[in-house]
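Heads up: the structure comes next, in structure tokens.
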Amino acid sequence: MPEEQLEMIDMSFGENLRRLRRDKGLTQAELAKLADLKITHMSKLENDTGDPKLSTLYKLMGALECSADTLLMDANKVGVDGVLQASFDRAQQLPRRKKAIVIELIDSFCIADGMGEIFNSKGWTYRDGPTKPISDNLDLEE
1 MPEEQLEMID
11 MSFGENLRRL
21 RRDKGLTQAE
31 LAKLADLKIT
41 HMSKLENDTG
51 DPKLSTLYKL
61 MGALECSADT
71 LLMDANKVGV
81 DGVLQASFDR
91 AQQLPRRKKA
101 IVIELIDSFC
111 IADGMGEIFN
121 SKGWTYRDGP
131 TKPISDNLDL
141 EE
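And the structure:
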């Protein structure tokens, strides 16, 4: 993600909390119960209208199985590398099969980026992807 697009990501505490809760497939009520908090407090936290105590942060980190860095991250302070690290932390919570998909996506992207660099260094034209699906060129009938 280009640095200028990073600014478009809302990384407030409330947004981080909502993102992490959704990653776990939890409702506000379910997270409130796991963290031993009131649902009204959970709603205020996600809407950035509540100010959490340190004990609340520890309860949320335990319920969400995340680090303080992930929960409290501010994209404007940590930069693109910090956001990338937080994304990796989130991906580590995925089931093994889905982790393999993330690894494949990253590997494919890096290979494509490297090929683009090779093409550009040789003065060849490189485009970011096919203009039409590759399957359009295949004979799919047996």
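Last residue of the sequence shown: 142 in this note's numbering, with the numbers rising by one and none dropped. Where a beta carbon is used, it is the ideal one built from N, C-alpha and C, also for glycine.
Legend entry - Straight-line Cα distance separating Glu30 from Ile155: Nothing about residue 155 can be read from this structure; the chain reaches only from 1 to 142.
Legend entry - Close beta carbons around Met11, own chain, < 8 Å, minus the five adjacent residues each side: Position 11 of the sequence shown holds residue 11. Cβ within range, chain order: Met73, Asp74, Ala75, Asn76, Val83.
Inset, instruction - Just the C-alpha distance for Gly62 and Leu54, rounded to the nearest angstrom, thanks. - result: In the sequence shown, residue 62 corresponds to position 62, counting from 1. In the sequence shown, residue 54 corresponds to position 54, counting from 1. Cα to Cα, Gly62 sits roughly 12 Å from Leu54.
Legend entry - For Val102 and Ser87, the rounded distance between their alpha carbons: On the sequence shown, residue 87 is found 87 positions in, with the first residue counted as 1. On the sequence shown, residue 102 is found 102 positions in, with the first residue counted as 1. The alpha-carbon separation between Ser87 and Val102 amounts to approximately 11 Å.
Inset, instruction - With distances taken Cα to Cα, identify the nearest neighbour of Arg19 among Asn47, Asp36, Lys33. - result: In the sequence shown, counting from the first residue as 1, residue 19 sits at position 19. Per the Cα distances, Asn47.
Legend entry - Cα-Cα separation, Asn16 to Ser121: As a position in the sequence shown, residue 16 is number 16, starting the count at 1. As a position in the sequence shown, residue 121 is number 121, starting the count at 1. Taking the straight line joining both Cα atoms gives about 40 Å.
Inset, instruction - Measure the CB-CB distance between Leu94 and Leu71 and report whether it falls below 8 Å. - result: Translated into positions along the sequence shown, residue 94 becomes position 94. Translated into positions along the sequence shown, residue 71 becomes position 71. Not closer than 8 Å, so no.
Legend entry - Cys66 - DSSP class collapsed to helix/strand/coil: Start at 1 with the first residue of the sequence shown, and residue 66 comes out as number 66. The answer is coil: DSSP assigns Cys66 none of H, G, I, E or B.
Inset, instruction - Please check the pair Leu60 and Lys24, which I expect to be a contact at CB under 8 Å, by giving their CB distance rounded to whole angstroms. - result: As a working note, residue 60 is residue 60 in the sequence shown. As a working note, residue 24 is residue 24 in the sequence shown. Not quite, the Cβ-Cβ distance comes to about 11 Å (not below 8 Å), so this is no contact.
Legend entry - Simplified DSSP state of Asp81, which is helix, strand or coil: Translated into positions along the sequence shown, residue 81 becomes position 81. If DSSP states are grouped into helix, strand and coil, Asp81 belongs with the helices.
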